[in-house]
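One structure is given here, and the rest of the page talks about it.
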Amino acid sequence: MNKRTLAKSMSLSAALALVLALPASAADGDKSKIKGLITSVQGDTIVVKDANNVEQTITLSPSTTYKRTKGLTGVVHEKAQQSALMPGLPVTVDAVAAGSGFNATEVSFKSEDFRTAQQVQAGLAPTTARMNEFGKYEALATTEVLFDSGSDKISDQGRSDLDAFAAKAKETQDYQVVLQGFTDSTGNAEANERLSARRAHAVASYLQKQAGLQPGRVRAGDAMGVAEDAGTGSNAGARKVVVKLIVDKGVQAGK
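Taking this note's numbering, the leading residue of the sequence shown gets 10, the next gets one more, and so forth.
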């Protein structure tokens, strides 16, 4: 390689290194999804500290929609208001780049995180360390209730397992119960989703009415349809409701 070629190569390498070192920035109109913690609310402007610990300035408008999600999967949601936004609330923002900031099209947050942020604002959760733990759940027990093909009837074994699960829940402070219903891969997708919902509802109803758990502690079951491990055809292990006993680590830390 001659000196001229070598110099040209080094120049290109240096230019490439400079480009790679520059921070990535979105052009006006680019869509982004920003996840992080609200650090400031000023009128129609919020500041969100994202996963990279960078503060993003986001403008809200009359066309911005607000959504409060429920359950671990977030598939259940309801409309919320701009007034629900507050410092300390973890949010997911669908936004469009505009100048040095973003314009929000949708802001969503979890119901559990909203309640926690309210407690923090009221002075009930005074430490930052504890704040960071809110909304992080720890599973203390898991059980699976299996079903016959096409059925949402709980078997004798299933009732026995749920009774044992409920006994452990009653010994746990500030517990929550989450449920997800599944099916095997036979039948069409819509029918399977309805069946998985009926199974989850049957288990939730049993835990409350027969096993004696407080209704407010048992969340509405999520209809998941066909299980990921269902394979093809009839699979008894996929016809199930997964039940988990969970606690909020932030609440537990404050005990």
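Positions of the beta carbon are idealized from the N, C-alpha and C atoms, including for glycine.
Spell out the partners DSSP gives S49 in its beta bridges.
The residue given as residue 49 occupies position 40 in the sequence shown. In the DSSP output, where bridge partners are listed per residue, S49 has V56.
What residue from G230, A232, K249 and D231 has the CA that sits closest to A239's CA?
For the purposes of this step, residue 239 is taken as residue 230 along the sequence shown, with counting starting at 1. For A239, the nearest C-alpha among the options comes from K249.
Whether V100 touches V56 by CB criterion (8 Å):
Within the sequence shown, residue 100 is the residue found at index 91, counting from 1. Within the sequence shown, residue 56 is the residue found at index 47, counting from 1. Cβ atoms of V100 and V56: not closer than 8 Å.
Report the rounded CA-to-CA distance for H6 versus D257, giving the unit in angstroms.
Missing from the structure shown is residue 6; the chain here goes from 10 to 264 and no further.
From G190 to I67, what distance separates their C-alpha atoms?
Start at 1 with the first residue of the sequence shown, and residue 190 comes out as number 181. Start at 1 with the first residue of the sequence shown, and residue 67 comes out as number 58. So the two alpha carbons sit approximately 37 Å from each other.
Cβ separation of G242 and S194, assumed to be a contact under 8 Å, to the nearest whole Å
By one-based count along the sequence shown, residue 242 stands at place 233. By one-based count along the sequence shown, residue 194 stands at place 185. Right, their Cβ atoms sit about 6 Å apart.
Per DSSP, which residues does R77 bridge with? Please list them.
Working through the sequence shown from its first residue, we reach residue 77 at position 68. The partner list for R77 (beta bridge, DSSP) reads E87 and F118.
Please decide whether V256 counts as near chain B, where near means a Cβ-Cβ distance under 8 Å.
Among the chains in the structure shown there is no chain B, since it carries only a single protein chain.
Please report the distance separating the alpha-carbon of A232 from that of S205.
Reading the sequence shown from its first residue, position 223 is the one you call residue 232. Reading the sequence shown from its first residue, position 196 is the one you call residue 205. Straight through space, the alpha carbons of S205 and A232 are spaced by roughly 5 Å.
Rounded to the nearest angstrom, what separates K40 and S109 at their Cα positions?
Numbered from its first residue, the sequence shown carries residue 40 at position 31. Numbered from its first residue, the sequence shown carries residue 109 at position 100. Between K40 and S109, the C-alpha separation is close to 14 Å.
A178 beta carbon less than 8 Å from that of V187
If you number the sequence shown from 1, residue 187 lands on position 178. If you number the sequence shown from 1, residue 178 lands on position 169. The answer is no: Cβ separation not under 8 Å.
Going straight from the alpha carbon of R124 to that of T54, what length do you get?
Walking along the sequence shown from the start, residue 124 turns up at place 115. Walking along the sequence shown from the start, residue 54 turns up at place 45. Cα to Cα, R124 sits roughly 22 Å from T54.
In the structure shown, what three-state DSSP assignment does D183 receive?
Within the sequence shown, the letter at position 174 stands for residue 183. If DSSP states are grouped into helix, strand and coil, D183 belongs with coil.
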